[in-house]
Amino acid sequence: MSGLVDGRPAGLRLGYGSNGFSGHRFPEACAVIGGLGYDGVALTLDQPHLDPFADDAAAQTARAAKALADHGLAVVIETGSRYVLDPWRKHEPTLVSDGDRAPRVELLTRAVRIAAELGAEAMSCWSGVLPEGVTSEEGWRRLTDGLVPVLDLAHELGVTVCVEPEPGMHVDTVDEALELRRRLGSPNHLRLTLDLGHLVCNEPRSPEASISAAGDLIANVQVDDMVRDVHEHLELGQGTLDLDAVLRALLATGYDGLASVELPRHSHAAPSVAARQIKALRASLERIGAASGAPEGPVR
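Residue numbers (UniProt numbering): 1 to 300.
(1) Any idea what DSSP makes of R13, helix, strand or coil?
(2) Suppose the cutoff is 6 Å on Cβ atoms and the five residues either side in sequence are ignored; what does the same chain contact list for E177 look like?
(3) In its own chain, which residues sit with a C-beta less than 6 Å from the C-beta of S284, not counting the 5 before and 5 after it?
(4) Which same chain residues, not among the five before or five after G185, have their C-beta less than 7 Å away from its C-beta?
(5) I need the straight-line Cα distance from S22 to L45, nearest angstrom please.
(6) How many whole angstroms separate the CB atoms of V105 and G146, which I take to be in contact at a CB cut-off of 8 Å?
(7) To the nearest whole angstrom, what separates the beta carbons of E208 and A249, a pair I think is in contact under 8 Å?
(8) Which of the three DSSP states, helix, strand or coil, is assigned to E164?
(9) Throw me the rounded Cβ distance for the L36 and L95 pair, which I believe falls under 8 Å.
(10) By alpha-carbon positions, which one of T173, E132, T109, E78 ends up nearest to E121?
(11) Starting from the C-beta of T253, find all residues in its chain whose C-beta is less than 8 Å away, skip the five residues before and the five after it, and write them out in chain order.
(12) Considering V75, what are the terminal residues of the beta strand (DSSP E) in which it resides?
(13) Could you give the uninterrupted runs of the alpha helix (DSSP H) lying entirely in the segment 46-105, keeping only those of 4 residues or more?
(14) Go ahead and pull the three-state DSSP assignment for D36.
(15) Alpha carbon to alpha carbon, what distance is there between V200 and D98?
(16) Please confirm if the segment 264-280 is in contact with the segment 55-68, defined as three or more CB-CB distances below 8 Å between the two stretches.
(17) On the three-state DSSP scale, how would you describe L263?
(18) Locate the beta strand (DSSP E) running through T193, then write down its first and last residues.
(19) Does V148 pass the burial test, meaning 16 or more other C-beta atoms within 10 Å, or should it be called exposed?
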């Protein structure tokens, strides 16, 4: 833990994903997110907010830095934009795709540089879906080869890189993310992103056990769309998430980073959805005695 506040464990902070505010300009999204009392933003590099391939990417990065600073928000960098590389194929190419994977490596190295400029707590990525007919070992080779230059740059710039296990992808469980880390020599700046919803639907053990297995290697957390109200137990497609239990398990690892709500399909009602999410998360943190930060509602 990172200490006590009013006798309660402190550390875990709440964030909101920029991909849930695609109808807002980034400074305005930060104003709403900060005004609701969130501690940070999970900034997806894409066309609406910060396009890493734009001619004015440097100026966009500077504007993002100002918006974050104006509202006292921490940031993590996400790289899951659907069409930032190919307007026809979602998420392609990935690190394990057939053909030219260099554009994905270029995106990730640009993301590392932007993370360094923004003082981001982490840059998060995933492996990609292994094409049909490609062996698992070839997938591992493609993945490690692609990440080496990304990790080298991240080490040089002092950026933490997080790999997220994603359902259906080559690396889709905590154990496989740990295996990837082992294959790359277990560098200290390569860590894990965990999506709390995926712990229910995609892991071979309980969410709490998966969190424990990842332990202090967790450096980024996503709160998927399971948080709909203040109920402690939330029904997912393939199981039930006990939100209190997973947040308690996360705190038990000593996690002190952002847990960011990720709702990319809810931008049409972003302010009201974000308000509902922070209420639910705070209610859970209150129940386990780990309340975060500012009072509910606009503070500016």
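All residues carry an ideal CB built from backbone N, CA and C; glycine is no exception.
Bear in mind the structure is a predicted one, so any value in this text is a computation, not a measurement.
So, from the data block:
(1) The residue given as residue 13 occupies position 13 in the sequence shown. R13 falls in the strand class under three-state DSSP.
(2) Residue numbering aside, residue 177 sits at position 177 when the sequence shown is read from its first letter. In the sequence as presented, Glu is not what sits at residue 177; that position holds Ala. So the qualifying residues of the chain are V163, P165, V171, L192.
(3) Looking up residue 284 in the sequence shown gives position 284. So the qualifying residues of the chain are L243, D244, L247.
(4) By 1-based counting over the sequence shown, the position of residue 185 is 185. Nothing listed; no residue qualifies.
(5) Walking along the sequence shown from the start, residue 22 turns up at place 22. Walking along the sequence shown from the start, residue 45 turns up at place 45. The alpha-carbon atoms of S22 and L45 are separated by roughly 11 Å.
(6) Here residue 105 refers to the residue found at position 105 when the sequence shown is read from its first residue. Here residue 146 refers to the residue found at position 146 when the sequence shown is read from its first residue. Confirmed, about 5 Å.
(7) One-based indexing of the sequence shown puts residue 208 at position 208. One-based indexing of the sequence shown puts residue 249 at position 249. Right, the Cβ-Cβ distance comes to about 4 Å (below 8 Å), so this counts as a contact.
(8) Taking the first residue of the sequence shown as position 1, residue 164 is located at position 164. Looking at E164 - three-state DSSP - the assignment turns out to be coil, as it is neither helix nor strand.
(9) Stepping through the sequence shown from its first residue, residue 36 is reached at position 36. Stepping through the sequence shown from its first residue, residue 95 is reached at position 95. Not a contact, Cβ separation roughly 35 Å.
(10) Residue 121 sits at position 121 when you count from the first residue of the sequence shown. Closest option to E121, Cα to Cα, is E78.
(11) Taking the first residue of the sequence shown as position 1, residue 253 is located at position 253. The residues are I211, S212, A214, G215, D216, I218.
(12) Counting from one through the sequence shown, the residue named residue 75 turns up at place 75. Its beta strand (DSSP E) spans residues 74-78.
(13) 57-70
(14) In the sequence shown, counting from the first residue as 1, residue 36 sits at position 36. Rather than Asp, the amino acid found at residue 36 in this sequence is Leu. Here L36 sits in coil by DSSP.
(15) In the sequence shown, counting from the first residue as 1, residue 98 sits at position 98. In the sequence shown, counting from the first residue as 1, residue 200 sits at position 200. So the two alpha carbons sit approximately 30 Å from each other.
(16) no
(17) For this step, residue 263 is matched to residue 263 along the sequence shown. Three-state DSSP puts L263 in coil, outside helix and strand.
(18) Taking the sequence shown and counting its residues from 1, one reaches residue 193 at position 193. From DSSP, the beta strand (DSSP E) with T193 extends over 190-195.
(19) The count along the sequence shown starts at 1 and reaches residue 148 at position 148. Counting Cβ neighbours within 10 Å, V148 comes out exposed, since fewer than 16 surround it.
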